[in-house]
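Novice: Just dropping this structure here.
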Amino acid sequence: GAVVSQHPSRVICKSGTSVKIECRSLDFQATTMFWYRQFPKQSLMLMATSNEGSKATYEQGVEKDKFLINHASLTLSTLTVTSAHPEDSSFYICSARGRLNSGRVGTQYFGPGTRLLVL
Amino acid sequence: GIQVEQSPPDLILQEGANSTLRCNFSDSVNNLQWFHQNPWGQLINLFYIPSGTKQNGRLSATTVATERYSLLYISSSQTTDSGVYFCAVPGANNLFFGTGTRLTVIP
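Those sequence lines, one after another, are chains A and B.
Position 110 of the first sequence, counting from 1, maps to 232 under my numbering, and the rest follow consecutively.
Position 85 of the second sequence, counting from 1, maps to 230 under my numbering, and the rest follow consecutively.
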């Protein structure tokens with residue numbers, strides 16, 4: 123089945139630094155990628171949706187200048203947390219979805235997540 | 146957006162016991178998914194179940210779309226079943242996740 127990878131799996135950084143998380147679809151072309159954030163013991167909350175070649179659409183309350191999303195190719199999206207602070211510590215999960223030959227949207231596959239700890 | 150509530154929020158079972166997890170959603174949907182998030186955070190799709198009943202081994206799921214709820218049954222639970230179970234329903238362009246049920250199976 124389709125696989126979505128994320129790198130790194132975990133990262134610890136100092137407050138004020140920027141962190142980049144990569145999300146790759148390994149065996150299909152992801153026309154749409156999603157970024158979720160999950161705080162401890164909470165559900166997944168959608169942060170933004172990006173379509174290849176266009177700007178990401180951010181959910182209400184998510185700062186687009188703080189969480190930079192780039193979806194430059196059909197297999198790669200990146201999330202950059204700029205000037206990270208301890209409150210940004212969370213589990214970040216990406217998801218990718220392609221398009222079937224019929225034109226209908228395909229299954230949404232999830233990456234293994236990236237655990238970010240900002241000291 | 147669609148509201149998706151799950152119950153119970155937490156569940157502790159003795160190994161071998163059976164359990165039922167519930168997912169209520171606030172609007173009509175054309176699909177529903179059940180996921181298991183393992184202790185390492187990976188989401189594993191269990192079922193696509195817009196209506197009716199499906200079974201896969203010790204797990205089965207039933208969705209009653211007209212009454213806006215779905216049930217996940219786990220029989221003869223094992224310690225490897227521990228984790229968080231989410232249901233999710235599609236919105237216009239994304240999935241809305243439920244509040245989750247955290248299951249702990251003790252030996």
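Cβ coordinates follow ideal geometry from the N, Cα and C atoms, glycine included.
The structure displayed is predicted, hence computed values, not measured ones.
State buried or exposed for residue 219(A), treating a residue as buried only when at least 16 other CB atoms are found within 10 Å of its CB.
Specialist: Classification for residue 219(A): buried.
Novice: CB of residue 204(B) to nearest heavy atom of the ligand FMN: below 6 Å?
Specialist: Absent from the structure shown: the ligand FMN. Ligands present: none.
Novice: Please classify residue 150(B): does DSSP put it in a helix, a strand, or coil?
Specialist: Reduced to three states, the DSSP call for residue 150(B) is strand.
Novice: What is the residue span of the beta strand (DSSP E) that residue 223(B) lies within?
Specialist: From DSSP, residue 223(B) is part of no beta strand (DSSP E); its letter is neither H nor E.
Novice: Report yes or no: is there a C-beta of chain D within less than 7 Å of the C-beta of residue 147(A)?
Specialist: Of the protein chains in this structure, namely A and B, none is chain D.
Novice: Work out the CA separation of residue 223(B) and residue 159(A) for me, nearest whole Å.
Specialist: About 29 Å.
Novice: Could you check where the beta strand (DSSP E) with residue 238(A) kicks off and where it finishes?
Specialist: It spans 236-240 - the beta strand (DSSP E) in which residue 238(A) sits, taken as one unbroken run.
Novice: Counting contacts by CB-CB distance shorter than 7 Å, is residue 249(B) in contact with chain A?
Specialist: Not closer than 7 Å to any Cβ of chain A, the Cβ of residue 249(B) fails to qualify, so no.
Novice: Measure the Cβ-Cβ separation of residue 158(B) and residue 229(B) and say whether it is below 7 Å.
Specialist: No, the pair does not count as a contact, with Cβ atoms beyond the cut-off.
Novice: The stretch 212-244 of chain B: which residues have C-beta closer than 7 Å to a C-beta of chain A, in chain order?
Specialist: Correct list: 231, 238, 239, 240, 242, 243 and 244.
Novice: Closest to residue 210(A) by CA distance: which of 127(A), 193(A), 240(A) and 130(A) is it?
Specialist: If we check each option's Cα against that of residue 210(A), 240(A) comes out closest.
Novice: Note the first and the last residue of the continuous beta strand (DSSP E) segment covering residue 200(B).
Specialist: Start and end: 197-201.
Novice: Under 6 Å Cβ to Cβ from residue 234(A), same chain only, skipping five residues before and after it: list those, please.
Specialist: Here the set comprises 128.
Novice: From the beta carbon of residue 234(A), is the nearest beta carbon of chain B less than 7 Å away?
Specialist: Chain B, which has a Cβ nearer than 7 Å to the Cβ of residue 234(A), makes this yes.
Novice: Quick check: the stretch 211-219 of chain B against the stretch 130-140 of chain A, are at least 3 beta-carbon pairs closer than 8 Å?
Specialist: These segments do not touch.
Novice: Going by the CB atoms, is the gap between residue 166(B) and residue 246(B) shorter than 7 Å?
Specialist: Taking 7 Å as the Cβ cut-off, residue 246(B) and residue 166(B) qualify as a contacting pair.
Novice: Going by DSSP in three states, residue 209(A) sits in which element: helix, strand or coil?
Specialist: Residue state, collapsed to three classes: helix.
Novice: Buried or exposed: which applies to residue 163(B), given that a residue is buried once 16 or more other Cβ atoms fall within 10 Å of its Cβ?
Specialist: The residue in question, residue 163(B), is exposed, as its Cβ has fewer than 16 Cβ neighbours within 10 Å.
Novice: Considering residue 235(B), what are the terminal residues of the beta strand (DSSP E) in which it resides?
Specialist: 228-235 is the extent of the beta strand (DSSP E) around residue 235(B).
Novice: Based on Cα-Cα distance, which residue from 155(B), 194(B), 227(B) and 183(B) lies nearest to residue 233(B)?
Specialist: The candidate whose alpha carbon is nearest that of residue 233(B) is 194(B).
Novice: Count the other CB atoms, across all protein chains shown, that sit within 10 Å of the CB of residue 152(A); report buried if there are 16 or more and exposed otherwise.
Specialist: Residue 152(A) comes out buried.
Novice: Would you mind working out which of 171(B), 236(B), 155(B) and 184(B) sits nearest residue 215(B), comparing C-alpha positions?
Specialist: Taking only the C-alpha atoms, the option nearest residue 215(B) is 171(B).
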